[in-house]
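Sequence lines, in order, name chains A and B.
The opening position of the first sequence corresponds to residue 1 in the numbering used here, with each subsequent residue numbered one higher.
The opening position of the second sequence corresponds to residue 107 in the numbering used here, with each subsequent residue numbered one higher.
All remarks here apply to the structure that follows.
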Amino acid sequence: MEFPTKVIGDKAYIRVTSDLDTETAGEALRSAFNEVYEQGKRTIVLDLSGAQIINSYGIGKVLMCYKRLKAENGVLMVKPLDGFVKETFELLMLDKLLPIDDSNGQ
Amino acid sequence: MSVGVNPPSILLADGNEQSRQMFGSFFAGRGWSYDVVPDSSSMAGALERGTYDIIIADVALSGPDSAKVLREILEKHPSQAIIAVSPNATYEDALTMFRSGATDLLARPIDFSWLERVVQQIVFSRRNDERERATYRFVTSERTEMRFSCADVVQVSSISLPLVGRLAQSGMLSHTEALKIRLAVQEAVLNGLEHGNLELDSQWKEEIGQDGSDKFSSVRKERLADPSYGDRYVYVTLQFSDGSLEITVRDEGKGFLNSKVFQANGKVDSLACSGRGLALMSSAVDEVRFGKNGSVVTMIKRLRERKSTEDYGS
């Protein structure tokens with residue numbers, strides 16, 4: 001499983017194309033993140049519209065990305081969320097941590 | 107294949123008058139009941155007023171985006187069967203409609219013998235489901251016991267809970283509640299595996315190497331291969347009775363509960379690499395109890411009233 005990435009200007013986008021609740025999906029996110037991180041991108045946007053479900057494992061991977069960026073004054077953003085994923089972000093207060101990218105990128 | 111005494115009920119959404127007449131005479135000739143709507147907004151309206159075994163919808167309906175309307179219909183009626191009709195059944199049409207939840211795709215000109223087979227298969231399956239639901243209203247208690255080895259937990263990406271599915275079909279849980287319970291059980295089983303059986307320390311998630319991997323993941327891999335950890339089991343028991351569902355998840359470790367990561371008020375530190383699973387579990391049920399320092403987790407969900415008898419078969 002691979003999540004597609006795209007770079008537009010200073011921002012890199014990662015499109016999560018499956019539910020984020022398994023080790024395989026978590027690894028796909030880590031790998032996509034590493035790819036753009038190693039290109040020097042420090043503003044990375046996750047598009048989670050392809051995920052209907054996220055569990056603590058998936059959240060853990062998202063936060064790992066957040067922490068790596070924060071350590072280098074970078075920022076992890078998310079495209080506008082909906083459904084269960086949005087509800088989970090709100091429950092865990094991640095909506096306060098990860099700004100929304102509502103530009104038309106990707 | 108017989109669909110019994112209850113003939114198929116169909117909602118046809120088609121903007122073309124000639125096509126509507128053709129479908130109509132085919133349905134009528136087989137004794138199927140059907141309603142006809144010409145656009146996507148009246149399709150949504152028809153679903154507010156009644157229920158149908160199958161929606162047959164043209165991909166090029168006028169009105170609001172029909173793919174979006176179908177997705178909204180499926181959010182409200184997750185088991186609704188939908189057959190999309192396309193003038194030429196292109197790859198793009200197929201992709202759009204399947205992503206919107208269509209069960210099948212029908213190309214024009216219509217092959218009516220194929221349509222008849224598909225309708226009968228769908229309705230046969232729906233009637234079986236209806237019979238199961240109708241029977242389930244007499245069930246006053248049910249118990250399921252499951253056992254997972256550590257290797258099973260790693261391999262099984264999502265745990266199927268048929269009992270929870272039956273409670274949702276009977277109206278005692280909403281589909282969202284059922285989804286949350288499935289995920290809560292998954293969280294509890296994963297906690298039982300990692301923090302119970304494999305005795306992994308959450309703080310190891312914070313220790314990240316140069317390659318982006320963490321100590322938690324590497325020790326997890328080692329211990330899964332070590333029989334003194336990897337041969338332990340996680341046990342799940344679901345008991346439905348007296349209007350509530352009680353789920354118990356037990357592991358064979360020493361207990362993982364750590365009051366530092368899960369405070370009494372149920373709030374979690376969103377930045378900590380632990381405690382989120384427990385928060386997700388708490389949000390899915392009415393009560394979460396821990397025993398034996400966390401090696402036994404009991405979750406209790408109070409159930410809704412069942413659907414009334416006349417709701418069955420609809």
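Think of the CB as a built atom: it goes at the ideal place given N, C-alpha and C, for glycine as much as any other residue.
Remember, it's a predicted structure, so these values are computed and weren't measured experimentally.
In this structure L46(A) is not in contact with I8(A), their Cβ atoms being roughly 14 Å apart against a cut-off of 8 Å.
With a threshold of 16 other beta carbon atoms within 10 Å, M278(B) meets it and is buried.
In the displayed model, G271(B) falls within a helix according to three-state DSSP. Taken in chain order, the whole alpha helix (DSSP H) runs of length 4 or more contained in the segment 127-204 of chain B are 146-155, 172-182. For chain A, the residues of the segment 289-303 of chain B that bring a beta carbon within less than 8 Å of one of its beta carbons are L289, Q292, E293, L296, in chain order. Pairing I188(B) with T209(B) gives a Cβ-Cβ distance under 7 Å. Distances from the CA of P113(B) to each of R249(B), P144(B), Q226(B), G383(B) were compared; the closest alpha carbon is that of Q226(B).
Collapsing the DSSP output to three states places L299(B) in a helix.
Short of 6 Å from the beta carbon of R68(A), and not among the five residues preceding or following it, lies no beta carbon of its own chain. Rounded to the nearest whole angstrom, the CA to CA distance from R288(B) to N55(A) is 11 Å.
Contact annotation: S146(B) and L118(B) have beta-carbon atoms that are not nearer than 7 Å. By the criterion of at least three beta-carbon pairs nearer than 8 Å, the segment 211-224 of chain B is not in contact with the segment 382-389 of chain B.
An exposed status is given to I100(A), since fewer than 16 other beta-carbon atoms sit within 10 Å of its beta-carbon. The three-state secondary structure of F254(B), taken from DSSP, is strand. The segment 24-97 of chain A is shown to contain whole alpha helix (DSSP H) runs of 4 or more residues at 56-70, 83-91, in chain order. Chain-order list of chain A residues neighbouring G271(B): empty, with the shortest C-beta distance near 16 Å, by a criterion of under 7 Å.
Put simply, the CB of L386(B) is near chain A, with a gap under 7 Å to one of its CB atoms. Against chain A, the beta carbon of L153(B) has no neighbour under 8 Å; the closest one sits roughly 20 Å away.
The beta carbon of G359(B) does not come within 7 Å of any beta carbon belonging to chain A, so the residue lies off that interface. In the three-state DSSP reduction, D235(B) falls in the helix class (H, G or I).
Of R408(B), S401(B), S308(B), the smallest CA-CA separation from G381(B) is found for S308(B). L20(A) and A51(A) do touch by the CB rule: their CB atoms are close to 5 Å apart, below 8 Å.
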